Each structure stands twice: as structure tokens, then as C-alpha cells.
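In this note's numbering, the protein residues as written are 104 to 348.
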């Protein structure tokens with residue numbers, strides 16, 4: 104399943120299933136998996152939920168997810184539905200923007216950034232990724248910026264999560280997906296944000312009362328060597344649970 108039709112088209116080219124193996128590509132996010140499994144009358148031996156972004160999505164400036172190059176401030180995973188980030192930020196109140204930045208980005212400068220966004224749009228609506236970067240840089244003093252990541256990283260993460268409603272009912276959905284497993288089946292969840300990891304943790308605790316066992320007491324995280332090889336893995340956490348009955 105993927106809610107990005109571009110990624111599904113790429114998967115269709117790359118997935119060469121051996122004879123007798125059926126591959127189904129479904130245009131949906133993970134919330135559609137339980138209904139799809141029920142429709143097909145399937146139970147799963149294993150399910151992997153990768154809640155992160157594809158590198159191609161990050162590098163595509165037309166999506167507006169990242170800010171290496173200027174592009175439209177969109178951020179939608181499925182660009183056929185929903186509201187782009189520019190429209191959302193141009194209509195929300197200062198308090199609403201602050202709430203998003205604080206809760207979805209852990210951004211301690213959330214109030215200052217929200218204020219700059221509101222000030223900026225009075226002069227000219229936000230349209231591009233650079234418009235949003237400029238608001239962030241204007242709000243955070245140089246001396247206060249984290250040297251490990253770009254100052255706008257948390258803001259872009261928070262806005263993307265809000266645009267795509269990525270945390271909406273996530274814990275309930277993960278628990279529901281776990282119930283699609285056969286006995287002995289394993290559900291693994293890769294998360295990249297504290298809100299995603301909390302949802303996975305709560306879901307697995309719920310399932311542990313229903314004949315499931317967690318495979319790790321604490322989430323697995325990348326080693327220092329892996330982070331050097333793949334810097335985008337630095338915030339990844341892996342939790343897994345097995346259905347025992």
C-alpha cells in the first residue's frame with residue numbers, strides 16, 4: 104500500500120514477483136490495510152509499516168517536503184486530495200500554527216515562527232518552500248540554532264504531518280493492523296518522529312493484552328555506523344510484536 108501514486112508506479116516496475124507469487128499494489132495509506140485484508144480474506148505472516156518518507160519524495164522539489172531547492176509549498180503525499188501546506192498556513196490562526204509546530208515538530212520556537220508566518224502572509228501569501236524557510240530563519244536567532252540540523256527541519260516535519268494527518272488515529276490503526284496477523288505473525292513498525300513512536304508503543308501495549316508479545320523491551324535504533332552510511336536513519340525507531348494466539 105502507498106498513498107503516493109508515483110511510488111506505486113515505481114514499485115510496479117521494480118517488483119518482479121516469481122511465478123506463483125501474487126503482488127497487489129493498492130493506492131491507500133496504512134489506514135486502508137485492514138479493510139483491504141478483509142476484502143481479500145487474507146491473514147498476514149508479516150506486516151511492515153514504514154511511516155517515513157521515501158528519499159525520492161524528499162528530493163522532489165515539486166512536492167515541497169524539503170527545502171534544498173525552492174519549490175511549491177505543497178507537502179501532500181497524495182496530491183489528488185486535500186489541502187496543500189501553503190493554503191493551510193495562509194488560513195490558520197497564530198495559535199493553530201503554534202500548536203502544529205510544537206506538537207508535531209517539538210519546535211521550542213513554535214510561537215515565534217508562527218508569529219513570523221502570520222506577519223509574512225499579511226504582506227504576501229506563502230507560496231514556496233523558501234517562503235517558509237525565511238519565516239523560520241527570521242524567527243530563530245542564529246546563536247540559538249541547532250548546529251546538527253537545519254533550523255527549518257522541525258517546522259517542515261510538523262507542517263507535513265499536519266497536512267497529511269499522519270498521526271490521526273495512528274495508535275488505533277496500528278492495533279487494528281496487528282489483528283490482521285496469523286498466529287505467529289509479526290508486525291514491525293518503523294517510526295521517525297516521537298509522536299509516531301508513542302502511537303506504536305501504545306498500540307503494542309494494547310495488543311499485549313490480546314495474545315501478542317512485544318519482541319523488544321525498547322525500540323531498536325540505528326548504530327553509529329549505520330547513521331554514517333545513511334544519515335536519514337538517525338531518528339528511526341523499530342518496534343515489533345508477534346501474535347501468539
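No residue lacks a Cβ here, since even glycine has one placed at the ideal position from N, Cα and C. Being a predicted model, the structure only gives us computed values, none of them experimental.
Run the proximity test for residue i: is its beta-carbon closer than 8 Å to any non-hydrogen atom belonging to the ligand SAM?
i	result
residue 137	As far as ligands go, the structure on display features none, and thus does not contain the ligand SAM.
Within 10 angstroms of the Cβ of residue i, are there 16 or more other Cβ atoms? Answer buried if so, exposed if not.
i	result
residue 347	exposed
residue 145	exposed
residue 298	buried
residue 133	buried
residue 120	exposed
residue 312	exposed
residue 123	exposed
residue 287	exposed
residue 316	exposed
residue 225	exposed
residue 272	exposed
residue 217	buried
residue 327	exposed
Consult DSSP for residue i and reduce its assignment to one of helix, strand or coil.
i	result
residue 105	strand
residue 305	helix
residue 150	strand
residue 344	strand
residue 262	helix
residue 291	strand
residue 44	Limits of the chain in this structure are 104 at one end and 348 at the other, which puts residue 44 out of reach.
residue 327	helix
residue 115	helix
residue 322	coil
residue 270	coil
residue 128	coil
residue 156	coil
residue 286	strand
Taking residue i as the reference, give the member of the options with the closest Cα.
i	options	result
residue 148	285, 140, 306 and 251	285
residue 262	122, 125, 220 and 159	220
residue 306	277, 329 and 287	277
residue 235	214, 246, 318 and 258	258
residue 215	242, 323 and 151	242
residue 166	109, 123, 199 and 122	109
residue 343	223, 222 and 322	322
residue 161	150, 152 and 179	179
residue 266	187, 217 and 337	187
residue 209	157, 333 and 260	260
residue 295	156, 117 and 107	156
residue 222	251, 239 and 181	239
residue 319	334, 327, 341 and 335	341
residue 280	249, 335, 309 and 327	309
residue 283	138, 126 and 107	138
Looking only at its own chain, which residues have a Cβ that is under 8 Å from the Cβ of residue i, when we skip the five neighbours before and after it?
i	result
residue 164	171, 172, 173, 174 and 232
residue 193	224, 228 and 229
residue 113	159
residue 253	170
residue 325	333, 336, 337 and 339
residue 237	223
residue 329	336
Which same chain residues end up closer than 7 Å to residue i when comparing Cβ atoms and leaving out the 5 residues on each side of it in sequence?
i	result
residue 111	105, 128 and 130
residue 274	302, 305 and 306
Among residues of its own chain, excluding the 5 on either side of residue i, which ones have a beta-carbon nearer than 6 Å to its beta-carbon?
i	result
residue 213	201, 204 and 205
Next item on the list: Go through the segment 171-248 residue by residue and report every complete run of the alpha helix (DSSP H) that reaches 4 residues or more, in order.
Entry: Complete alpha helix (DSSP H) runs here, min 4: 188-194, 197-208, 213-226 and 232-242.
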